[in-house]
């Protein structure tokens, strides 16, 4: 019996030749990451252990959730992480001006790569599986131990084979692929399983698509999502990664508990209705839904390609007078490249507010909180009740092309409706 990509990576980091689903193992860690919300409690746990940090080169702190600080409490949290990083000489400490959204900047900076094992005190750490490594979220207590020991325990997950075929239509993004999958299997359809993406359709997806898809593996309940390493992965890593990495492939006889077939050619733009990412419907199959706000950005869709898609739709148009549209580039580099490409001019001329990189409204932090009864189309990853503000507000998840079209027309709309 062979192993999947995830099982192989876990086995190698546990010093074992073979692992199987259900095995409890302890693994060495290549990267340990936390943000301004999750790092302070992890640091408190670390301080109880009384050991030095295991490796200041492998620990990464990114201040992104309430940055720039929105109030005194968030400033205090940032200060804890800043002072810890200075005391322990943490190499990779990022804050405003030098930081973006954690799951955008770690790949961008070449800090994550194929074959490595990454844990982060943030559920969307699974984003890095787009690069062919194992990455998953952990709690702050486990992260505190990881900072001290460089190790963590895992239960080896079963794997679901998401087999992709067909050609990706021009109006489809990775967000549509993932929302379609979650809509099909449910928000607990991959509970503590690995989502492993295979098939000829993988080549149709650019790296931005893959980051978006891996990012939302947790929205299906998965332990992680992972893509095979191909020419696109290797090209993306050129000039970014400064160290050797190992490409891991699934064994030909790897065992999957389930196979889900997705033909990309058949996909249509979709939105996830409140209040679950799995509550998906194709755009055009429901009545008119007027909206109050649009958010384009986040660790899910805040990359340059996402902004390009939205800007191309918005060019020459105005945001609907009854809608406010907030655009948040995922990193300073994305911001700068979008500026040089003219995308930010397009957004501002259309009537959008363009923010510095921050998680902001995604978690109901700030920069776009919803009032009671308001509806928002968002390229973020979660639409739970009260996620972006008042418990009586509603969030509809979509890709950047649907978000841009909706901002212009003042209702949930497909890009083909914008003329």
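Residue numbers (this note's numbering): 606 to 1024. All C-beta atoms, glycine included, are put in the ideal place defined by N, C-alpha and C. These numbers were taken from a predicted model, which means no experiment stands behind them.
Practice problem: Tell me, please, whether the CB atom of residue 905 is closer than 8 Å to any CB atom in chain C? | Solution: Looking at the structure shown, chain C is missing, and only one protein chain is on hand.
Practice problem: Report the partner residues of residue 1000 according to the DSSP bridge assignment. | Solution: Locating residue 1000 in the chain shown gives position 395, where the first residue counts as 1. Note: residue 1000 sits in a beta bridge opposite 981.
Self-check item: Bridge partner(s) assigned by DSSP for residue 736
Solution: Taking the first residue of the chain shown as 1, we reach residue 736 at position 131. Residue 736 pairs with nothing; no bridge assigned.
Quiz item: How many Å lie between residue 952 and residue 907 at the Cα?
Solution: By 1-based counting over the chain shown, the position of residue 952 is 347. By 1-based counting over the chain shown, the position of residue 907 is 302. Straight through space, the alpha carbons of residue 907 and residue 952 are spaced by roughly 14 Å.
Exercise. Could you tell me the distance, in whole angstroms, from the CA atom of residue 868 to the CA atom of residue 770?
Key: Here residue 868 corresponds to residue number 263 of the chain shown, with the count starting at 1. Here residue 770 corresponds to residue number 165 of the chain shown, with the count starting at 1. About 5 Å.
Practice problem: Would you tell me roughly how many angstroms separate the C-alpha atoms of residue 741 and residue 649, rounded to the nearest one? | Solution: For the purposes of this step, residue 741 is taken as the residue at position 136 of the chain shown. For the purposes of this step, residue 649 is taken as the residue at position 44 of the chain shown. Answer to the nearest angstrom: the Cα atoms are 21 Å apart.
Quiz item: Hey, residue 912 and residue 781: beta-carbon distance below 8 Å or not?
Solution: Numbered from its first residue, the chain shown carries residue 912 at position 307. Numbered from its first residue, the chain shown carries residue 781 at position 176. No, the Cβ-Cβ distance between residue 912 and residue 781 is not below 8 Å.
Quiz item: How would you write the range of the alpha helix (DSSP H) that residue 929 sits in, first residue to last?
Solution: Start at 1 with the first residue of the chain shown, and residue 929 comes out as number 324. Premise fails: residue 929 lies in the beta strand (DSSP E), 929 to 933, not in any alpha helix (DSSP H).
Quiz item: Around the C-beta of residue 813, are 16 or more other C-beta atoms found within 10 angstroms, so that it is buried, or is it exposed?
Solution: For the purposes of this step, residue 813 is identified with residue 208 of the chain shown, where counting begins at 1. The residue is buried, with at least 16 neighbouring Cβ atoms inside 10 Å.
Quiz item: Rounded to a whole number of angstroms, what is the C-alpha to C-alpha distance between residue 618 and residue 634?
Solution: Sequence index remark: in the chain shown, residue 618 carries index 13 (1-based). Sequence index remark: in the chain shown, residue 634 carries index 29 (1-based). One C-alpha to the other measures close to 7 Å.
Self-check item: Proximity below 8 Å, CB of residue 924 to CB of residue 957
Solution: Counting from one through the chain shown, the residue named residue 924 turns up at place 319. Counting from one through the chain shown, the residue named residue 957 turns up at place 352. Their beta carbons are under 8 Å apart, which means residue 924 touches residue 957 by this criterion.
Self-check item: Cut-off 8 Å between Cβ atoms - residues of its own chain near residue 991, not counting five sequence neighbours on either side
Solution: Stepping through the chain shown from its first residue, residue 991 is reached at position 386. Cβ within range, chain order: 969 and 998.
Quiz item: Could you give the distance in angstroms between the alpha-carbon of residue 1016 and the alpha-carbon of residue 846?
Solution: The residue you call residue 1016 lines up with position 411 of the chain shown. The residue you call residue 846 lines up with position 241 of the chain shown. Rounded to whole angstroms, residue 1016 to residue 846 spans 42 Å at the Cα level.
Exercise. Evaluate contact between the stretch 884 to 891 and the stretch 784 to 796, counting only Cβ atoms and requiring at least three cross-stretch pairs below 8 Å.
Key: yes
Quiz prompt | Among 721, 743 and 700, nearest to residue 851 - alpha-carbon criterion | solution = Start at 1 with the first residue of the chain shown, and residue 851 comes out as number 246. Residue 721 is the option with its Cα nearest to residue 851.
Quiz item: Nearest-angstrom Cα distance between residue 980 and residue 898?
Solution: Working through the chain shown from its first residue, we reach residue 980 at position 375. Working through the chain shown from its first residue, we reach residue 898 at position 293. Straight-line Cα distance between these residues: approximately 7 Å.
Quiz item: Which class does residue 986 belong to by DSSP, given the choice of helix, strand or coil?
Solution: Position 381 of the chain shown, counted from the start, is the residue given in the question as residue 986. Correct three-state label for residue 986: coil.
Exercise. Run the CB neighbour count on residue 606, radius 10 Å, all protein chains shown included, and call it buried at 16 or more, exposed below.
Key: On the chain shown, residue 606 is found 1 positions in, with the first residue counted as 1. Flag for residue 606 reads exposed.
Quiz item: If you check the beta carbons only, do residue 822 and residue 726 fall under 8 Å apart?
Solution: Sequence index remark: in the chain shown, residue 822 carries index 217 (1-based). Sequence index remark: in the chain shown, residue 726 carries index 121 (1-based). Against a cut-off of 8 Å, the Cβ pair of residue 726 and residue 822 comes out as no contact.
Quiz item: Got a sec? Which residues, its chain only, sit under 7 Å from residue 690 by beta carbon, not counting five neighbours each side?
Solution: The residue labelled residue 690 in the question sits at position 85 within the chain shown. The answer, listed in chain order, is 666 and 698.
Quiz prompt | Extent of the continuous beta strand (DSSP E) to which residue 799 belongs | solution = As a first step, residue 799 must be located in the chain shown, where it is residue number 194. Counting along the chain, the beta strand (DSSP E) containing residue 799 begins and ends at 798 to 803.
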